Amino acid sequence: MPEPIPHALTMSSPPDDVDTVHSMLSSVWEENSTVPAIDRFSFETALVELASNVMRHADPGSGISCRLAITVFPDRIEATLTDSGKPGDVQLVGRAMPDELSESGRGIPMIRALVDDLDYSREEGSNSWRISRHLRGSDGSKAPE
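Heads up: the sequence shown begins at 1 in UniProt numbering, then just goes up one per residue.
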């Protein structure tokens, strides 16, 4: 089986925003119509939340550039988002959902609930995020690996 080809996009925020990510995902789903709806919805929600947080919190005030790559494998969907923004103060593990009156802090816990893997690293002046969701069967179980 040939290696899946990633869908890639370079964007600058502003003017690009999460609508650009939605448009890209529409193309990905058109080409990968067998991805179950629950996986599409969960992955898209997580990725849009991640992109929104990057655009909002990593921008040093002069805008940021981002590179997004999405790959659909036989058993999972994966995205890597690399940005030129300021370093993130990121706590990926052990972060609980804030109470209902909090105005922020829901992004990472929500993303973690929607995907199987969430990774962050800072290398050579760039932030790099990776999310991955294993595809589910119609009964909700993970696809065989």
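For every residue, glycine included, the Cβ atom is placed at its ideal position computed from N, Cα and C. Computed from a prediction, not measured in an experiment: that's the story for all the values here.
Alpha-carbon to alpha-carbon, Thr45 and Met110: 9 Å
Residues near Ser126 by beta carbon distance below 8 Å, same chain, minus five either side: Excluding positions up to five away in sequence, the list reads Thr82, Asp83, Ser84.
Nearest-angstrom Cα separation, counted from Leu68 out to Ser121: 15 Å
Exposure label - Ala79; buried when at least 16 CB within 10 Å: buried
Where Ala51 sits in the DSSP three-state scheme: helix
C-alpha gap between Pro15 and Gly88, whole angstroms: Using only the alpha carbons, I get a separation of about 22 Å.
Sequence-distant residues of the same chain with beta carbon closer than 8 Å to Ile64, five excluded per side: Ser12, Ser13, Val54, Met55, Ala58, Asp83, Ser84, Gly85
Beta-carbon contacts of Ile70 that lie in its chain and below 6 Å, excluding the five residues immediately before and after: His7, Val28, Ala79
Residues of its chain near Thr10, where Cβ-Cβ distance is below 6 Å and the 5 sequence neighbours each way are ignored: Arg67
Sheet register partners of Ile111 (DSSP bridge): For Ile111, which the question treats as bridged, DSSP gives no partner whatsoever.
N-terminal and C-terminal residue of the alpha helix (DSSP H) that Thr80 is part of: First-last for Thr80: 76–83, but that is the beta strand (DSSP E), not the alpha helix (DSSP H).
Burial state of Ile5, where buried means 16 or more other Cβ atoms lie within 10 Å: exposed
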